[in-house]
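K.L.:
Have a look at this one before I ask anything.
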Amino acid sequence: PSPAVVRAHAKVGKLPPYAAGKPPVAVPGLAPYKLSSNENPFAPVPGVVERVHEIVAGVEGAPSLLCRYPDPLATELREKLAPHLDVPAEDIVTGAGSLGALSQIITAFAGEGEGTEPDEVIFAWRSFEAYPIVARSAGAKDVMVPLTADHRHDLPAMLDAITDRTRVILLCTPNNPTGPALTTAEVEDFLAKVPSHILVVIDEAYVEFIRDEDAVKGLEMYRKHRNVVVLRTFSKAHGLANLRVGYSVSHPEITSALRTVAVPFAVSTLAEQAAVASLEHLDEVLGHVQTVVDERVRVVAALQEAGWDVPETQANFVWLPLGDQTAAFAEAAQARALSVRAFAGEGVRVTMGEVEANDRFLEVARAFRS
Ligand code: PMP
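In our numbering, the protein residues as written are 42 to 411.
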């Protein structure tokens with residue numbers, strides 16, 4: 042390989058590829074269900090689908106908008122979001138999913154570093170699979186701090202991991218794939234101890250599913266600390282995973298850097314307008330969210346009754362810490378036309394799906410223990 046190729050590989054290291062959730066394998070006589078990507082089992086609400094149709098087909102003689110570039114700043118969406126979040130529209134930066142928004146943050150704030158050692162990005166592990174990929178792609182070093190025995194962030198250990206090369210700390214709340222949310226008290230204490238030149242990202246991809254009143258509210262932390270960035274997405278609660286729209290909220294000295302590195306036109310007009318329409322039909326959307334939360338409560342209770350030790354979850358998924366039985370459980374689910382997300386040797390994450398899907402998951406879980 043050429044020196045350029047060698048250099049590229051040295052920079053990104055040997056990362057496992059992002060293992061996207063797989064579709065279920067067909068089993069005769071059983072409806073297949075995908076419970077492997079934390080998607081919303083509900084299709085987008087009708088008002089959203091109508092808006093997308095209008096952009097594709099054009100309305101009242103107006104042409105389809107597909108031949109035009111989108112607004113690079115997604116102004117309409119940011120202005121729609123601002124009063125919902127009670128933040129200035131200027132503090133919102135959109136991206137292709139919250140992953141796009143996260144990528145802007147890491148690209149702007151962490152990289153190969155100025156000396157001989159790379160910048161460092163600290164996050165809990167296990168957490169969202171994309172974190173090491175985004176950090177290392179930027180040339181930074183990923184510093185993974187193991188979760189506690191009860192599958193939560195170990196914030197004291199994360200503080201201990203800070204060095205003079207730390208540029209960004211990622212907090213995932215609720216944590217994907219394990220489920221617990223961070224509390225206001227623990228994050229306030231943490232932020233008081235993190236040097237203010239380090240960026241703290243609060244990834245709230247699943248925030249709409251939280252019901253614990255003690256859970257941290259990222260936007261409150263952003264209001265109090267100029268080094269906090271909140272990440273949100275339309276992929277989960279709004280059911281728009283395929284359209285790729287997410288955003289960050291942070292202060293202007295940060296947003297100016299994020300806008301500079303943002304991939305131009307990352308959010309299509311389809312995605313922007315779908316998100317706008319989803320906000321216009323928020324009651325319906327939150328009704329779907331509540332159904333998913335009700336299912337989570339039901340499923341967790343049934344699992345506990347069957348003797349499973351399930352960590353507390355505030356998200357739209359549950360974590361089964363199966364250790365070396367992980368692969369066996371995933372196979373048992375697959376045999377019943379369910380795809381779940383297995384993390385080899387650690388556990389299985391199961392997304393809350395349709396009632397029938399959840400019932401079938403419970404059958405698999407009960408049979409597995411007996
Ligand atoms: N953050 C977390 C914690 C996630 O679990 C996910 C999706 N799995 C994302 C961010 C990215 O989602 P998206 O890019 O679709 O907004």
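All C-beta atoms in this analysis are idealised placements derived from N, C-alpha and C, irrespective of residue type, glycine included.
Treat the numbers as computed from the prediction; the structure is a model and nothing was measured.
Does at least one heavy atom of ligand 1 sit under 7 Å from the Cβ of A303?
P.N.:
A303 Cβ: outside cutoff for every heavy atom of ligand 1.
K.L.:
Determine the contact status of P153 and G136, defining contact as a CB-CB distance below 8 Å.
P.N.:
Correcting the residue identity first, residue 153 is Glu in this sequence and not Pro. No, they are not a contact pair.
K.L.:
Kindly confirm or deny that the stretch 325 to 338 and the stretch 391 to 403 touch, where touching means at least three C-beta pairs closer than 8 Å.
P.N.:
With the cut-off at 8 Å, the stretch 325 to 338 and the stretch 391 to 403 touch.
K.L.:
How about the stretch 229 to 239 and the stretch 258 to 268: do they share at least three Cβ pairs that are nearer than 8 Å?
P.N.:
The answer is yes - the stretch 258 to 268 touches the stretch 229 to 239, with three or more Cβ pairs under 8 Å.
K.L.:
So, at 6 Å on beta carbons, what are the nonlocal neighbours of R390 in its own chain, with the 5 sequence-adjacent residues on each side left out?
P.N.:
Result list for R390: P218, F358, W360 and R382, in chain order.
K.L.:
Does the beta carbon of V53 come closer than 8 Å to any beta carbon on chain B?
P.N.:
In the displayed structure, chain B is absent; only one protein chain is listed.
K.L.:
If the criterion is Cβ atoms closer than 8 Å, does the pair P221 and T354 meet it?
P.N.:
For P221 and T354, yes; Cβs fall inside 8 Å.
K.L.:
If we call anything under 8 Å between Cβ atoms a contact, is E321 one with P111?
P.N.:
Going by C-beta atoms, E321 is not nearer than 8 Å to P111.
K.L.:
Return the CA-CA distance between P129 and V47, expressed in angstroms with no decimal places.
P.N.:
Whole-angstrom Cα-Cα distance: 45 Å.
K.L.:
Is S276 near ligand 1, in the sense that its beta carbon is under 7 Å from a heavy atom of that ligand?
P.N.:
Result yes, Cβ under 7 Å from ligand 1.
K.L.:
Measure how close the beta-carbons of S319 and F250 come, nearest whole angstrom, since I'm counting them as under 8 Å.
P.N.:
Going by Cβ atoms, the distance from S319 to F250 rounds to 16 Å, so no, they are not a contact pair.
K.L.:
With a threshold of 6 Å on Cβ separation, who are the neighbours of S144 within its own chain once the five nearest residues in sequence on each side are excluded?
P.N.:
V175, listed in sequence order.
K.L.:
Can you have a look at H329 and say buried or exposed, based on whether 16 or more other CB atoms are within 10 angstroms of its CB?
P.N.:
With 16 or more Cβ atoms within 10 Å of its Cβ, H329 is classed as buried.
K.L.:
If you measure from the CB of D244, is any heavy atom of ligand 1 nearer than 7 Å?
P.N.:
Yes, the beta carbon of D244 sits closer than 7 Å to at least one heavy atom of ligand 1.
K.L.:
Unbroken beta strand (DSSP E) runs of length 3 or more, entirely within the stretch 127 to 182: which are they?
P.N.:
Correct list: 133 to 136 and 161 to 166.
K.L.:
Cβ of A282 versus every heavy atom of ligand 1: is any distance shorter than 7 Å?
P.N.:
Indeed, a heavy atom of ligand 1 lies less than 7 Å from the Cβ.
K.L.:
Restricting to Cα atoms, I'd like to know which of R208, V326 and A165 is closest to A190.
P.N.:
Here the closest residue by C-alpha is A165.
K.L.:
Using only the alpha-carbon positions, how far apart do V351 and F402 sit?
P.N.:
Whole-angstrom Cα-Cα distance: 14 Å.
K.L.:
What did DSSP end up calling K75 once you bin it into helix, strand or coil?
P.N.:
Three-state DSSP puts K75 in a strand.
K.L.:
Expressed to the nearest angstrom, what Euclidean distance is found between the alpha-carbon atoms of A151 and R208?
P.N.:
Answer to the nearest angstrom: the Cα atoms are 6 Å apart.
K.L.:
Could you tell me the distance, in whole angstroms, from the CA atom of G259 to the CA atom of D127?
P.N.:
Roughly 12 Å separates the two Cα atoms.
K.L.:
Using DSSP's beta-bridge definition, name the partner residues of C108.
P.N.:
C108 is not bridged to any residue.
K.L.:
Check the C-beta distance from D244 over to L211 and give it rounded, since I have them as a contact under 8 Å.
P.N.:
Contact flag correct, Cβ pair sits at about 6 Å.
K.L.:
Considering only the beta carbon of each residue, do H192 and L223 sit closer than 8 Å?
P.N.:
For H192 and L223, no; Cβs fall outside 8 Å.
K.L.:
Taking the continuous alpha helix (DSSP H) assigned at T296, which residues delimit it?
P.N.:
P293 to V302 is the span of the alpha helix (DSSP H), which, as asked, contains T296.
K.L.:
In chain order, what are the residue ranges of uninterrupted alpha helix (DSSP H) at least 4 long that sit wholly in the stretch 190 to 216?
P.N.:
As far as the stretch 190 to 216 is concerned, its whole alpha helix (DSSP H) runs of at least 4 residues are 196 to 201.
K.L.:
Which residue from L56, P44, A316 and L122 puts its Cα closest to that of K182?
P.N.:
Checked all of L56, P44, A316 and L122; the closest Cα to K182 is L56.
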